[in-house]
Amino acid sequence: MKEIKVVQIGMGPLGRKITGYILERKNLKIIGAVDKDPSLAGKNLGSLCSIPELSLLVSDSLKSLVNTENPDVAVLTTVSGLDEITPQIEEITTFGLHVVTTCEELSYPWKTWPVLAKRIDEAAKKNNTAVLSTGVNPGFLMDFFPVTLSGICRKINRIKVSRIQNAAFRRIPFQNKIGAGLSLSEFEIKKQKGTLRHVGLTESIHMIGSRMGWDIDRTEDILIPVVAEEKIETENMTINPGFAAGVQQIGKGFENGKEKITLVFRASVGEPASEDTIEISGEPDIVSTIKGGVNGDIATCAIITNAVKQIVNAEHGLRTMVDLPVISCFG
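See below:
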């Protein structure tokens, strides 16, 4: 396998964690990192990521790295919103770089964000590059994985996916994103602002629906707090009874008034039993459960890293997980 040169863009907690995963792959080489945060630009990447043997400086300019190092792929870990990330991706593709990103709203944007999806698709094709968004969820557990399981069915009537996880083992930004530790009034304020939710359930619904041949004409996204019944103490926070320990979010997809897809996402600090379950109603019926659940941070970093090998050979344009050959762990 030819060596693939990677530039990382966005060196927050997730970007830093991914660095170690990329370094483990003998056919991947990090040639640099970019972050516009003045507090990060100019710092040693190895020091940021606690990898002493890595000696690269974080740059504030992608152009300078492209001109000197000639990377192949950009691993982009900046924002979740498609409106914010679209100009970033358009700029990156002008340098002829393929893109693998964690932007949840880009996982399957053709129905939710058709105009921006078209912009990214056209930019990638114009510059002979491919763009992919992936992660543990959206990107695998609640969309690609049930689609794959459906391959052994004669017919499908309905799909339900439940992802239940103890957020105590997730990184702090994730715990903040699900509202852990907030009062219920604070939770409601952030919910109304749209800053407190798991991003990507609707995109996952449309990814599944597109592969099943269902015309999903209506979706719902129901969000409520998971309320602590007793005091919860972790290394990083204390959650008093009556405060939010996390979030439960249910996405529903309908065809002609019938609920065809149900996605249940529940993440809270102190959740008693983590598991990921796929229930397919069809012929045959299938129930598949991963006991203990999948560690989201490990899985996201792994699938982003493993996708780098596939994106360099992908058809140009905006791609989704159901467009590519199966992504697998490698060397």
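Position in the sequence shown (from 1) plus 764 gives the number in the working numbering.
Glycine included, every Cβ here is placed at the ideal spot set by N, Cα and C.
Less than 6 Å between C-beta atoms, sequence neighbours within five positions excluded: which residues of the same chain meet that for residue i?
i	result
residue 849	843, 867
residue 1018	982
residue 1069	785, 786
residue 1084	872
residue 922	1024, 1045
residue 824	800, 805
residue 772	779, 797, 839
When the Cα of residue i is compared with those of the options, which residue comes out closest?
i	options	result
residue 790	1011, 779, 765, 774	765
residue 1060	774, 990, 782	782
residue 1078	885, 994, 893	893
residue 865	1091, 934, 838	838
residue 1035	1065, 1047, 996	996
residue 941	1031, 856, 915	1031
residue 845	788, 773, 976, 959	959
residue 768	863, 817, 809, 938	863
residue 953	989, 824, 1042, 780	989
residue 984	1000, 1025, 971	1025
residue 1033	933, 979, 825	933
residue 916	976, 829, 851	976
Please work out which residues of its chain come closer than 7 Å, Cβ to Cβ, to residue i, disregarding the five sequence neighbours upstream and downstream, and give them in chain order.
i	result
residue 806	821, 822
residue 1081	885, 888, 889, 894
residue 1054	1039, 1040
residue 987	955, 961, 1011, 1013
residue 775	797, 799, 804, 812, 822
residue 972	907, 910, 911, 923, 1025
Considering only DSSP beta bridges, list what residue i is partnered with.
i	result
residue 1029	927, 1013
residue 1018	982, 1023
residue 1043	924, 1051
residue 996	1003
residue 897	865
residue 796	771
residue 988	1012
residue 960	Looking at the DSSP assignment, residue 960 forms no beta bridge with any residue, so it has no partner.
residue 837	770, 862
residue 919	1047
residue 1082	895
CB-CB under 8 Å to residue i, same chain, minus the five flanking residues each way: which ones, in chain order?
i	result
residue 993	1005
Less than 8 Å separating the Cβ of residue i from some heavy atom of the ligand NAD?
i	result
residue 790	Absence of the ligand NAD from the depicted structure is noted, as is the absence of any ligand whatsoever, leaving it without description.
Is the stretch 967–986 in contact with the stretch 1054–1073, if contact means three or more CB pairs nearer than 8 Å? no
Would you check if there are 3 or more beta carbon pairs closer than 8 Å linking the stretch 877–884 to the stretch 1000–1015? no
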